[in-house]
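Shown next, in structure tokens, is the structure this report addresses.
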């Protein structure tokens, strides 16, 4: 009987490895999405807090400078004639992180002194009151980003955590349900080829697997019996084919009849 030609069999990865890989991909994907969302929320919350802190600090610095400038004006010294104001403003700026610049304006909002201006996200203005009249204004620009810590180490820690969780979930999936599925797959494949009973299993087969193996064994037995019946009937026909006219047709029918081995090869899972 002619045998079927088969091409090279591609390498097969076990169900345990496939399930482990699936668990790793799902864990990393879901963990990555959750981590990105959490980091975004953390950054937004940190920006709100630092903006509030920077504005509070700017308000405190502006009030302190306004009180000191007011004392000087009450002593009869005009703001534009106060000595050492640029250096004083620069020191106040350096001692207060989260501030962008400090400026001192006169009563007509003309800038008298200012530090090196930087980009500010917000601005706080406090007037200098002397005997109920405004003698000038202290302007403080805020830079909340200076108070925001670097989140690079947080991102790195989150990425490592997600990868570790992915590997752990992959190992658990492969060693647990994946190993069980692979064992059942091999048992069914061996049963399909007719030697399932010889397969050593290191786990208790499930009730469904036992029923499947029994059904495969019964199917193999029925195929063998049917093949034997076809061969016997062919022999009877050949015995009465005295002129040998039916020999070629009988041989063709026997060759094309499916047998247990062919069905097992075609249905291998």
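In this note's numbering, the protein residues as written are 1097 to 1365.
Using N, Cα and C, we set each Cβ at its ideal position, and we do this for glycine too.
A quick note: this is a predicted structure, and the numbers were derived from the prediction, not measured.
**residue 1139 versus 1240, 1328, 1273 and 1329, residue with shortest Cα-Cα distance** = Per the Cα distances, 1240.
**Item:** Three-way DSSP call (helix, strand, coil) for residue 1159 in this model
**Value:** Three-state result, residue 1159: helix.
**Asked** Can you name, in chain order, every residue of its own chain whose Cβ lies under 8 Å from the Cβ of residue 1148, other than the five neighbours on each side?
**Response** none
**Prompt:** If you draw a straight line from the alpha carbon of residue 1332 to that of residue 1111, how long is it in whole angstroms?
**Reply:** Distance between the alpha carbons of residue 1332 and residue 1111 is about 48 Å.
**Request:** Could you give the DSSP three-state label for residue 1180: helix, strand or coil?
**Result:** coil
**Asked** Looking at the structure shown, is residue 1442 part of a helix, part of a strand, or coil, going by DSSP?
**Response** This structure cannot speak to residue 1442, because the chain is shown only from 1097 to 1365.
**Message:** Out of 1215, 1319 and 1165, which one is the CA nearest neighbour of residue 1200?
**Reply:** 1165
**Asked** Alpha carbon to alpha carbon, how far is residue 1134 from residue 1123?
**Response** Taking the CA atoms as reference points, residue 1134 sits about 16 Å from residue 1123.
**Request:** Would you mind stating whether residue 1115 and residue 1269 have Cβ atoms separated by less than 9 Å?
**Result:** Yes; because the gap between Cβ atoms is below 9 Å, this pair is in contact.
**Contacting residues, own chain, Cβ-Cβ under 8 Å from residue 1205 (five flanking each side not counted)** = The beta carbon of residue 1205 sits closer than 8 Å to those of 1233, all from its chain and outside the five residues before and after it, given in chain order.
**Asked** For residue 1202, which three-state DSSP category applies?
**Response** Strand, per DSSP.
**Message:** For the alpha helix (DSSP H) containing residue 1262, name the first residue and the last one.
**Reply:** 1248-1269
**Asked** Under three-state DSSP, which class holds residue 1348?
**Response** helix
**Request:** Return yes when the Cβ of residue 1330 is within less than 9 Å of the Cβ of residue 1346, no when it is not.
**Result:** yes
**Asked** What is the rounded straight-line gap between the Cα of residue 1126 and the Cα of residue 1214?
**Response** 41 Å
**Message:** In whole angstroms, give me the CA-to-CA distance for residue 1334 and residue 1342.
**Reply:** 7 Å
**Prompt:** What is the DSSP secondary structure of residue 1196, counted as helix, strand or coil?
**Reply:** The DSSP-derived three-state label of residue 1196 is strand.
**Asked** Between which two residues does the beta strand (DSSP E) harbouring residue 1217 extend?
**Response** No beta strand (DSSP E) holds residue 1217; DSSP gives it neither H nor E.
**Request:** Tell whether a beta-carbon distance below 9 Å holds between residue 1224 and residue 1178.
**Result:** no
**Prompt:** Roughly how many angstroms separate the alpha carbons of residue 1319 and residue 1257, rounded to a whole number?
**Reply:** 55 Å
**Prompt:** When DSSP labels each residue in this structure, what does residue 1239 get in the three-state scheme?
**Reply:** coil
**Asked** Between residue 1194 and residue 1150, is the Cβ-Cβ spacing less than 9 Å?
**Response** yes
**Message:** Please report the straight-line C-alpha distance between residue 1276 and residue 1113, rounded to a whole angstrom.
**Reply:** Rounded to the nearest whole angstrom, the C-alpha separation of residue 1276 and residue 1113 is 12 Å.
**Message:** Beta-carbon within less than 6 Å of residue 1210's beta-carbon, same chain only, minus the 5 sequence neighbours each way: which residues are those?
**Reply:** 1199
**Request:** With DSSP as the reference, label residue 1172 as helix, strand or coil.
**Result:** coil
**Own chain partners of residue 1131 with C-beta closer than 7 Å, once the 5 adjacent residues on each side are dropped** = 1254 and 1258
**Request:** Go ahead and label residue 1238 buried or exposed: buried means 16 or more other beta carbons lie within 10 angstroms of its beta carbon, across all protein chains shown.
**Result:** buried
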